[in-house]
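In our numbering, the protein residues as written are 2 to 415.
Every residue, glycine too, gets a C-beta built ideally from N, C-alpha and C.
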């Protein structure tokens with residue numbers, strides 16, 4: 002184990018800069034599946050069963066705001082206290098009983114049975130984005146498509162003007178950077194995130210006031226019409242929902258689309274197979290999520306002394322449940338490093354498991370399916386601008402996200 006801890010790969014992994022983390026994660030899982038990571042100041046759990054059980058164990062708190070804020074120096078933590086209080090209201094950061102109340106309030110629009118009705122509009126959004134770049138024969142799949150598609154969907158759900166996307170993109174970027182940086186013990190982004198949140202709060206307060214005066218056919222108007230007694234929601238919780246939906250579109254769903262596009266470019270035979278058999282898209286998206294999911298880990302905090310995988314976890318210690326490692330565990334997935342769009346069963350953990358299973362999973366899946374088929378069917382001759390991109394993808398330097406910074410491509414004849 003000493004060799005692993007002092008290796009270059011270990012250092013790069015802890016800094017979010019290991020381009021291909023999977024060989025290292027295999028090594029770590031084999032040597033010490035529950036490992037104390039000094040740079041992260043937490044336990045790193047890599048085996049499928051332990052990660053799955055960790056998501057279901059109520060002794061592990063989902064108070065990620067506490068994890069993020071605890072990494073800050075005390076003086077800075079005091080200055081950005083409003084940021085911590087806001088993050089603590091995200092439904093994915095709460096524990097019972099608040100978690101059940103908030104999840105129930107936000108569950109209805111994202112229930113699996115309600116999502117298919119959105120298919121036509123999502124497909125139209127995908128086509129509109131491709132039409133916008135079509136004449137040029139080139140695009141950045143991330144900036145021109147993978148980001149804009151889910152953000153546009155969420156904006157329409159919330160009733161936000163689409164022209165405001167560029168306005169709040171920077172604010173959301175700052176919040177995302179902080180939540181990752183804090184987990185990596187880089188606190189320099191905290192004040193910038195608070196500034197972004199302040200602007201986003203001002204923006205949403207204006208939107209909420211406008212919808213109180215003139216309701217529309219959107220989620221914000223629906224919550225306002227239901228009244229606070231519907232789930233004892235207050236304005237701060239409604240604001241937190243809006244921000245979290247934007248962040249989810251920003252990283253998780255856009256990451257799914259971008260990572261899927263990269264996998265298709267790296268494996269043209271899989272792209273050809275899906276063009277010929279589009280009915281396999283649901284299975285393909287599940288395999289893309291397993292193989293190269295955008296959310297490599299979930300953090301939890303032990304609320305009591307406990308044991309995971311033979312290791313003693315102390316109360317208040319942080320536990321990083323590594324879905325990226327669990328989804329490549331050979332004990333659960335035969336030949337785990339092979340991309341197989343027909344893999345069955347495929348009980349991956351890309352959306353977590355248990356009471357905090359991602360509320361937006363049905364919507365993210367549908368958007369992934371539509372996006373991939375749109376790319377395959379609307380962009381003939383798709384190829385990267387620079388061939389080295391396939392060997393050395395421009396991964397963002399995040400510890401808590403596995404997403405691309407950009408993916409420049411050309412398409413058409415030639």
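Quick one: give me the first and last residue of the beta strand (DSSP E) that residue i is part of.
{"i": "residue 296", "result": "First-last for residue 296: undefined, no H or E at that position."}
{"i": "residue 7", "result": "Run containing residue 7: none; DSSP gives neither H nor E here."}
{"i": "residue 139", "result": "139-141"}
{"i": "residue 410", "result": "409-411"}
Relative to the alpha-carbon of residue i, which residue among the options has its alpha-carbon at the smallest distance?
{"i": "residue 397", "options": "348, 300 and 260", "result": "260"}
{"i": "residue 180", "options": "164, 70 and 241", "result": "70"}
{"i": "residue 300", "options": "50, 44 and 381", "result": "44"}
{"i": "residue 337", "options": "401, 66, 27 and 218", "result": "27"}
{"i": "residue 93", "options": "83, 105 and 82", "result": "105"}
{"i": "residue 379", "options": "132, 401 and 95", "result": "132"}
{"i": "residue 318", "options": "42, 75 and 381", "result": "42"}
{"i": "residue 341", "options": "173, 291, 333 and 163", "result": "291"}
{"i": "residue 189", "options": "25, 81, 313 and 29", "result": "81"}
{"i": "residue 266", "options": "13, 24, 19 and 389", "result": "389"}
Using only the alpha-carbon positions, how far apart do residue i and residue j sit?
{"i": "residue 359", "j": "residue 414", "result": "40 Å"}
{"i": "residue 223", "j": "residue 110", "result": "10 Å"}
{"i": "residue 4", "j": "residue 39", "result": "15 Å"}
{"i": "residue 385", "j": "residue 392", "result": "11 Å"}
{"i": "residue 128", "j": "residue 375", "result": "7 Å"}
{"i": "residue 215", "j": "residue 201", "result": "21 Å"}
{"i": "residue 308", "j": "residue 221", "result": "42 Å"}
{"i": "residue 257", "j": "residue 353", "result": "15 Å"}
{"i": "residue 346", "j": "residue 102", "result": "33 Å"}
{"i": "residue 169", "j": "residue 304", "result": "36 Å"}
{"i": "residue 409", "j": "residue 235", "result": "43 Å"}
{"i": "residue 356", "j": "residue 107", "result": "14 Å"}
{"i": "residue 365", "j": "residue 149", "result": "14 Å"}
{"i": "residue 77", "j": "residue 85", "result": "11 Å"}
{"i": "residue 89", "j": "residue 136", "result": "45 Å"}
{"i": "residue 289", "j": "residue 48", "result": "19 Å"}
{"i": "residue 194", "j": "residue 278", "result": "44 Å"}
{"i": "residue 254", "j": "residue 401", "result": "14 Å"}
{"i": "residue 293", "j": "residue 325", "result": "8 Å"}
{"i": "residue 61", "j": "residue 67", "result": "13 Å"}
{"i": "residue 205", "j": "residue 240", "result": "7 Å"}
{"i": "residue 126", "j": "residue 272", "result": "22 Å"}
{"i": "residue 348", "j": "residue 210", "result": "43 Å"}
{"i": "residue 185", "j": "residue 196", "result": "Its pLDDT being 48, under 50, residue 185 is placed unreliably in this model, and the value from its coordinates should be taken loosely. Distance between the alpha carbons of residue 185 and residue 196 is about 20 Å."}
In terms of residue numbering, what span does the alpha helix (DSSP H) encompassing residue i cover?
{"i": "residue 237", "result": "236-249"}
{"i": "residue 329", "result": "Premise fails: residue 329 is in no alpha helix (DSSP H) and is neither H nor E."}
{"i": "residue 100", "result": "99-108"}
{"i": "residue 373", "result": "362-379"}
{"i": "residue 1", "result": "Past the boundaries of the shown model lies residue 1; the chain is included only from 2 to 415, so the question cannot be answered."}
{"i": "residue 221", "result": "220-227"}
With a threshold of 6 Å on Cβ separation, who are the neighbours of residue i within its own chain once the five nearest residues in sequence on each side are excluded?
{"i": "residue 407", "result": "141, 143 and 395"}
On the DSSP bridge list, what partners appear for residue i?
{"i": "residue 170", "result": "Partner(s): none; residue 170 has no beta bridge."}
{"i": "residue 20", "result": "Per DSSP, none; premise fails for residue 20."}
{"i": "residue 112", "result": "Note: residue 112 sits in no beta bridge, so no partner."}
{"i": "residue 303", "result": "61"}
{"i": "residue 321", "result": "45 and 300"}
{"i": "residue 36", "result": "45"}
So, at 8 Å on beta carbons, what are the nonlocal neighbours of residue i in its own chain, with the 5 sequence-adjacent residues on each side left out?
{"i": "residue 250", "result": "151, 152, 154 and 155"}
{"i": "residue 315", "result": "303 and 306"}
Short of 7 Å in beta carbon distance, which residues of its chain neighbour residue i, apart from the five on each side in sequence? Order them along the chain.
{"i": "residue 411", "result": "138, 139, 384 and 386"}
{"i": "residue 322", "result": "46, 52, 55, 56, 298, 299 and 301"}
{"i": "residue 370", "result": "282, 283 and 286"}
{"i": "residue 226", "result": "216"}
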